[in-house]
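Those protein sequence lines, which keep their order, are chains A and B.
Counting from 0, one number per residue, gives the positions in the first sequence under our numbering.
Counting from 5, one number per residue, gives the positions in the second sequence under our numbering.
Please read the structure below before turning to the comments.
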Amino acid sequence: MDARREPAKSDGATLSVVSDGSDLVARCRAGEPAAFRQLFREHRTSVTRLIHRMTGGSPDLEDLVQETFVQVHRSLGSFRREAQLGTWIYRIAINVVLMHRRALRSRPSLVPGPSDTQLDEDDQPDEQLARRRRVAALYRLLDRMSEKKRTVYVLHELEGLSPAEIAKIVGAPVLTVRTRLFYARRSLLAELAQEPSLAALADALPPLSDPAPAGAEPHKEPA
Amino acid sequence: MTPERIERALREVTREARTEQLPHVDWARIEDELPMTRVHTVPPRPLSVRPWLIAASFALTGALGAYAVTLVHPHAAPVAAARVTTPSSAAARASANGDVNGDALAVGAHVVAGDVPQSVVHAGHARWTLAPHSEGTLLANGDIVTVRLDRGSVTSRVVKSSRTETFAVEAADVRVAAHGTEFTVSLGADGVSVSVTEGSVLVGPREEPGQGQLLISPAAKRYTHAGLPIEDDSGLEALGGRRSPSHVEDGATAADGATGASAAQGRLALEAPASAKKPGARKAANEPEAGDATAASDLDQRPSEPTAAGLEAATTSVMRLTQACFKERTIAGEGVRVTAQTSVTFRTLPEGGVNRVVFEPPLSPAVQACVNAGMSAIQTEGTRNGFQVSRSIDLER
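Here you go:
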């Protein structure tokens, strides 16, 4: 994951160079002023995306991103290169999110009424609005899940990481990650129908073996 | 709905979430507040005789420049300099934009602003800006930054953090603690003014961190030097804030109770919900015998949001009721421990009281029925439109 591919232009062709971040870490440790800025710019999108997905669109997104990079900065001295830089930063981001969620759990929060969000959303085209609602419903389902299951589901299904990579991030055996993934999926499948927008999506899906409409030309495979 | 359709729906919505666009993020602001130029945090140096001597000699030799930051006691030797120079460490030298690196300041550093505002930046943590001709002293540096306002006014912007309290300003005997907030504290001859423009602050006695009255933005309030709220709020508008919710309620305010109770002790008391202090208030709102006009007027005067204490009290009541119902109505054999984790959402009525409690995932019908029966006995603070609260809850029998 950390082996970033940095596109480099050369006579119209796009090359990919692989960087493992070790040079960047060394420069950060040496106190090079621009190094941490570079590290931030290289990882900010992936970290923000991860936090957004882990929190399901929290209004504190920017603060959590900032807190993650502050923690990264503070901990750079203890980065041992046992993990790749990106994996290590992901681990920190996940910890920041979990701390945030625990802090939220310990204090009550005012919930905006349904009318508060209705106005903004009504301005959007129907399909976009429906899609946003479905994604929000998925995040609600994920929110009810245990932290361990939610983390592996987000990392695997949304971030596209392999169980082996996730195992390094969460510090658990690969088999455990697979087990959590199984239960996370099962939990989502069991509760999906409770969300009206997702139930509607399931109902609206065409059947797999959809017969061809009458009069339509049967599809012919090329010889 | 077949399992196959449900599975396909999950795949589809997961794909949609994967391709969802990220919300707008202000990268420039985040980058601006990140510690870019240093790698290792400078640990705060304890105030001891040696730094004092170093600072004293430094002050004697070179601190008569335009602006000065010196390690002197604010009341023993007022700094006459009008510009910031280096204190004990060159790292604290003002940057190109004139800001002082707060991370390199030693505990006890005294900062004096000249004719222009002077900012001190703790990278990724907080920025405090002294108004012209104001003075402040750094009392703590590190995970928690504490600044004593010696003269004038200081505006602070604090980066939100998962930790509960990361920044505080002390003025006279008043302590203003922030968590993800922009606020101004002014020290005058007649008291201390606190104005919150973003987030919330806890204003309390200097000697008791964690105690006090919560001010939620936008709000402004004045306190005596001893930390007592001043009920005459004339001049609040000049601070650009509004009265805190506890001051809008009819007649005697929640803060009145705090004032009376704490006057003997000479310090603030934790703000309590108005409904708890004025049992008659809710009845009056519910039964407008005095006339509809009076009732409507009472309604208009209700705050739009509950006070922090009112919010906490309502939440605690609902949580206790739920716990009690769960224990009473959950069937389990001897020695069997039953736990449940859910989130509770409840809505209050404008005149006080709870009218709906929902659990997600739901609890058993028996527990829900018990909660429904018990919620009518819960008293909450009256607000203009009622309020809705949601939080997680762990239950155990």
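Here a beta-carbon is modelled for each residue, glycine too, at the ideal position from N, C-alpha and C.
These figures come from a predicted structure and were not determined experimentally.
Task: Residues bridged to B/Y227 (per DSSP) - done: Per the DSSP secondary-structure output, B/Y227 pairs in a beta bridge with B/V196 and B/P233.
Task: Identity of the residue in B/P121, B/T201, B/V205 and B/P310 nearest B/D103 by Cα - done: Checked all of B/P121, B/T201, B/V205 and B/P310; the closest Cα to B/D103 is B/P121.
Open item on the list: With DSSP as the reference, identify every bridge partner of B/W132, one or two as the case may be.
Closed with: According to DSSP, B/W132 bridges with B/V124 and B/S160.
Task: As assigned by DSSP and simplified to three states, the class of B/H114 - done: Shown here, B/H114 sits in a strand according to DSSP, grouped into three states.
Open item on the list: Distance check for B/Q327 and B/A344, CA to CA, integer angstroms please.
Closed with: Approximately 10 angstroms, taken between the alpha carbons.
Open item on the list: Check for me: the beta strand (DSSP E) holding B/T346 runs from which residue to which?
Closed with: Its beta strand (DSSP E) spans residues T343 to T352.
TODO: Give the straight-line distance between the Cα atoms of A/L160 and B/N359, rounded to the nearest whole angstrom.
DONE: Whole-angstrom Cα-Cα distance: 45 angstroms.
Open item on the list: Are the CB atoms of A/R90 and A/R168 within a distance shorter than 8 angstroms?
Closed with: Note on residue identity: the sequence assigns Ile, not Arg, to residue 168 of chain A. Between A/I168 and A/R90, the gap from beta carbon to beta carbon is short of 8 angstroms.
Task: Member of B/L134, B/T170 and B/D154 whose CA lies at the smallest distance from the CA of B/I148 - done: Shortest Cα-Cα distance from B/I148 to any of B/L134, B/T170 and B/D154 involves B/T170.
Open item on the list: Among A/R130, A/Q127, A/T178 and A/E126, whose alpha-carbon lies nearest the alpha-carbon of A/R149?
Closed with: Selected option, being the one with the closest Cα: A/T178.
- [ ] With DSSP collapsed to three states, give me the class of B/A175.
- [x] Strand.
Task: Cβ-Cβ separation, B/L26 to A/H51 (assumed contact under 8 angstroms), whole Å - done: Indeed, because the Cβ distance is near 6 angstroms, the residues count as touching under 8 angstroms.
TODO: For A/V151, count neighbouring C-beta atoms within 10 Å of its own C-beta (all shown protein chains included) and say buried if the count is 16 or more, exposed if not.
DONE: Buried is the call here.
Open item on the list: Closest to B/V207 by C-alpha separation, out of B/P7, B/A176 and B/T23, would be which residue?
Closed with: Of B/P7, B/A176 and B/T23, the residue nearest in Cα terms is B/A176.
Task: Chain-ordered neighbours of A/T47 on chain B, where CB pairs are closer than 7 angstroms - done: Within chain B, the residues near A/T47 are L26 and V29.
Task: Own chain partners of B/V125 with C-beta closer than 6 angstroms, once the 5 adjacent residues on each side are dropped - done: Excluding residues up to 5 positions away in sequence, D103, G106 and R131 lie with their Cβ nearer than 6 angstroms to the Cβ of B/V125 in the same chain.
Task: Span of the alpha helix (DSSP H), counted from its first residue to its last, around A/I165 - done: From DSSP, the alpha helix (DSSP H) with A/I165 extends over P162 to V169.
TODO: Check whether the Cβ of B/V17 lies closer than 8 angstroms to any Cβ atom in chain A.
DONE: By this cut-off, B/V17 is an interface position.
Open item on the list: Please state whether the Cβ-Cβ distance between B/T384 and B/G337 is less than 8 angstroms.
Closed with: No, Cβ-Cβ distance for B/T384 and B/G337 is not below 8 angstroms.
Task: Expected contact under 8 angstroms - CB spacing of B/T346 and B/E364 to nearest Å - done: The Cβ separation is near 6 angstroms, so the contact holds.
TODO: May I ask you to report which of helix, strand or coil DSSP gives A/F78?
DONE: In the displayed model, A/F78 falls within coil according to three-state DSSP, outside both helix and strand.
- [ ] Kindly indicate which three-state DSSP category B/G140 falls into: helix, strand or coil?
- [x] Correct three-state label for B/G140: strand.
TODO: Grab the span of the beta strand (DSSP E) containing B/I397 for me, first residue to last.
DONE: Looking at the DSSP string, the run of the beta strand (DSSP E) that includes B/I397 is Q392 to E400.
Task: Identity of the residue in B/R152, B/T334, B/A381 and B/T228 nearest B/D194 by Cα - done: Among B/R152, B/T334, B/A381 and B/T228, the Cα nearest to that of B/D194 belongs to B/T228.
Open item on the list: Any heavy atom of the ligand FAD inside 7 angstroms of the beta-carbon of A/S161?
Closed with: Summarising the ligand content, the structure contains no ligands, and the ligand FAD is consequently not present.
Open item on the list: Just verifying my parser: in three-state terms, what is the DSSP assignment at B/L68?
Closed with: With a pLDDT of only 49 at B/L68, under 50, the local geometry of the prediction cannot be trusted, and no value is derived from it.
TODO: Please report the residue range of the beta strand (DSSP E) in which B/S204 lies.
DONE: Taken as a continuous stretch (DSSP letters only), the beta strand (DSSP E) holding B/S204 covers S204 to P209.
Task: Uninterrupted alpha helix (DSSP H) stretches inside the region 128-204 of chain A (no shorter than 4 residues) - done: Complete alpha helix (DSSP H) runs here, min 4: 146-152, 162-169, 173-190 and 195-203.
- [ ] Using a Cβ-Cβ cut-off of less than 7 angstroms, give me the residues of the region 143-154 of chain A that come near chain B, in sequence order.
- [x] Answer set for the region 143-154 of chain A: R143.
TODO: Using 10 angstroms around the beta-carbon of B/I335, count the other beta-carbons present and answer buried if the total reaches 16, otherwise exposed.
DONE: Exposed is the call here.
Open item on the list: Between which residues of its own chain and B/S190 is the CB-CB distance below 6 angstroms, once the five residues before and five after are set aside?
Closed with: Answer for B/S190: S157 and S197, listed in chain order.
Open item on the list: Can you confirm whether B/T201, when its beta carbon is compared against all beta carbons of chain A, has any partner nearer than 8 angstroms?
Closed with: Chain A contact via Cβ: absent.
- [ ] Could you confirm whether any beta carbon from chain A is found closer than 8 angstroms to the beta carbon of B/A21?
- [x] Using a CB distance cut-off of 8 angstroms, B/A21 counts as an interface residue toward chain A.
Task: Best match in B/E355, B/P354, B/Q372 and B/S368 for proximity to B/V361 [C-alpha to C-alpha] - done: Comparing C-alpha distances from B/V361 to each of B/E355, B/P354, B/Q372 and B/S368 shows the shortest one belongs to B/Q372.
Task: Endpoints, the beta strand (DSSP E) within which B/E364 is located - done: In this chain, the beta strand (DSSP E) harbouring B/E364 covers V358 to E364.
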